[in-house]
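If you want this note's numbering, it's the 1-based position in the sequence shown plus 238.
Ideal Cβ positions, reconstructed from N, Cα and C, are used throughout, including at glycine.
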Amino acid sequence: MKWFRVLLMCCMLAPLAGCGYNAIQSSDEDVNAAWSEVLNQYQRRADLVPNLAATVKGYASHEERVLTEVASARARVGSVQVTPEMAKDPAALAAFDQRQGELSSALSRLMVVSERYPELKANEGFRDLRTQLEGTENRIAVARGRYIKTVQHYNVQIRQFPGVVIARIFGYQPRPNFSVANEAAISTAPTLDFSAQPTNANAAGQ
239 MKWFRVLLMC CMLAPLAGCG YNAIQSSDED VNAAWSEVLN QYQRRADLVP NLAATVKGYA
299 SHEERVLTEV ASARARVGSV QVTPEMAKDP AALAAFDQRQ GELSSALSRL MVVSERYPEL
359 KANEGFRDLR TQLEGTENRI AVARGRYIKT VQHYNVQIRQ FPGVVIARIF GYQPRPNFSV
419 ANEAAISTAP TLDFSAQPTN ANAAGQ
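Next up, the structure:
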């Protein structure tokens with residue numbers, strides 16, 4: 239009778255375990271897809287930087303400091319070795335996020351500088367590049383937001399029953415996530431177009 243109960247319980251749990259495994263596998267694939275989109279959008283931005291910096295330099299060649307910052311930030315982004323395992327390594331993901339944040343800051347400063355040059359702002363090529371950059375920043379924000387949510391969903395699944403048991407059996411590990419002080423902020427892309435210049439920037443340019 240005891241063995242019959244054990245057998246009955248196993249038969250009842252088998253479908254549940256199967257559904258749980260399928261759900262975890264699906265969530266893991268969603269995380270991988272979301273990560274690929276994050277990488278695609280960041281690469282799209284990196285590809286815009288050389289032409290954008292060259293266009294600004296054509297009208298503001300003496301703005302050497304900010305142009306150097308942009309070039310250096312892009313070089314640091316390019317030096318990060320992107321591998322499929324990066325998204326599973328907390329230290330590697332944090333380093334990647336830091337480098338991308340540095341490039342975001344450098345590009346924002348470059349856009350501030352561009353506001354000082356009416357001829358540059360009127361240049362059709364520059365306007366097109368700036369529009370592409372703004373669109374890419376928006377897509378980055380959306381991709382990051384989706385990645386954060388898919389990782390959160392996956393991590394919850396493998397910590398709850400029956401997922402926690404299935405994850406241990408099949409080796410599914412918690413995924414590190416982007417660190418955000420305010421999660422709502424990820425849905426808003428950085429502002430790249432400024433209608434007024436900071437006082438310090440004016441003083442530095444004089």
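Neighbourhood of residue i by C-beta distance below 7 Å, restricted to the same chain and skipping five residues each side
i: residue 331; result: 324, 325 and 414
i: residue 289; result: 367
i: residue 244; result: Any reading at residue 244 needs caution, since the residue's pLDDT is 43, under 50, leaving its predicted position unreliable; the model's value is listed next. Excluding sequence neighbours, residue 244 sits near nothing in its chain.
Beta-carbon proximity list for residue i, same chain, < 8 Å, skipping 5 on both sides
i: residue 293; result: 358, 361, 363, 364 and 367
i: residue 310; result: 344
i: residue 417; result: 332 and 335
i: residue 320; result: 277 and 334
Alpha helix (DSSP H) segment containing residue i, residue limits
i: residue 326; result: Unbroken run through residue 326: none, as it is neither H nor E.
i: residue 402; result: 401-408
i: residue 314; result: 302-317
Distance CB(residue i)-CB(residue j) smaller than 9 Å
i: residue 345; j: residue 308; result: yes
i: residue 377; j: residue 298; result: no
i: residue 374; j: residue 263; result: no
i: residue 348; j: residue 283; result: no
i: residue 385; j: residue 273; result: yes
Sequence-distant residues of its chain with Cβ nearer than 6 Å to residue i (five each side left out)
i: residue 301; result: 351
Practice problem: Flag this pair as touching only if the segment 387-403 and the segment 262-272 have three or more C-beta atom pairs under 8 Å; answer yes or no. | Solution: The way I'd put it, the segment 387-403 does touch the segment 262-272; three or more beta-carbon pairs between them come closer than 8 Å.
Practice problem: Take every Cβ of the segment 338-351, pair it with every Cβ of the segment 302-317, and state whether three or more of those distances are shorter than 8 Å. | Solution: yes
Exercise. Write down every uninterrupted run of the alpha helix (DSSP H) in the segment 335-374 whose length is 4 residues or greater and which is fully enclosed by it, in chain order.
Key: 356-360
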